[in-house]
Amino acid sequence: MKKISFLVLLSVLFITACDKDEKETALPGDVKDIQFIDAKSYTDWVYFSFSKGKVVTVTDYKNDLTWDIAFHRGDVRLNGGESGIGKGEAFNTQKTSWTDVTEAPTSGYIKDQIGKITTAYIGNGITEEDQPFSQTVTTWLTVDTSTPPPVYTVHNYIYVVKDADGDYVKLWLYDNKNERTDAGYVSFRYQYSASGSTNF
């Protein structure tokens, strides 16, 4: 009986040690650059999956876990909070150097909330609508429409966000124009790992 108990104890210790090793050796994912996502529509959002590394088709965004982040011109939506059933939320590190962010913070994340977005811009007039979006990540871009044409300022903040499954992603949105300098095209860099790593 004692011999059996001893073997059981050894098995438990071995499994615990393996779990600990897996957590300690979890590696950050590859860094990917995505350029010129066409998000210029004032009425439609474009949905993107970090794990797939591409735009995905979504019909019911509030009940769909296939997307992680979405774009509507300069607005950003995460799959969580008011925007979806996922675990998406965001933290603005306030840093502007990609290499300065090496670890995901343990707290301080903010979920998507309802706020006003521009759904039409004609001449010197704009139309706004209440919709859910990440008011944290949307700080990446400031748009001044006081005098046409609009003036865009990219702030180069590095964010740490959680995807729909709750995995950490380092995110830098660095441009809102395409190669012809047309506005409404989002380019960004991200580092995502399904291994659960908190390091970047």
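Position 3, counted from 1, in the sequence shown is what the working numbering calls 20; the numbers after and before it change by one each time, with no gaps.
Beta carbons are placed, not taken as given, at the ideal position from N, Cα and C, and that holds for glycine.
This structure is a prediction, so every number in the text was calculated from the model and none was measured.
Contact check, residue i vs residue j, beta carbons under 8 Å
i    : j    : result
L95  : I86  : yes
E99  : I131 : yes
K112 : D182 : no
V154 : A107 : yes
T162 : Y138 : yes
Y169 : K57  : no
Alpha-carbon to alpha-carbon, residue j and residue i
i    : j    : result
P122 : S214 : 12 Å
K187 : P165 : 34 Å
W157 : N173 : 6 Å
V171 : S204 : 11 Å
A211 : K128 : 20 Å
T136 : F67  : 26 Å
T60  : Y191 : 23 Å
Span of the beta strand (DSSP E), counted from its first residue to its last, around residue i
i    : result
I131 : Q130 to I139
P166 : From DSSP, P166 is part of no beta strand (DSSP E); its letter is neither H nor E.
S66  : V63 to S66
T144 : G142 to F150
Own chain residues within Cβ distance below 8 Å of residue i, not counting five before or after
i    : result
G70  : K49 and I51
V118 : T110, K112, I175, V177, K187 and F217
Contacting residues, own chain, Cβ-Cβ under 7 Å from residue i (five flanking each side not counted)
i   : result
D92 : I134, F150 and T155
V72 : I54, V63, Y64 and F65
CA nearest to the CA of residue i, picked from the options
i    : options                 : result
Y176 : E120, S210, F88 and F65 : E120
K179 : T170, Y209 and A43      : Y209
Own chain, CB closer than 6 Å to residue i, minus 5 neighbours either side, in chain order
i   : result
V75 : Y64, D81 and W84
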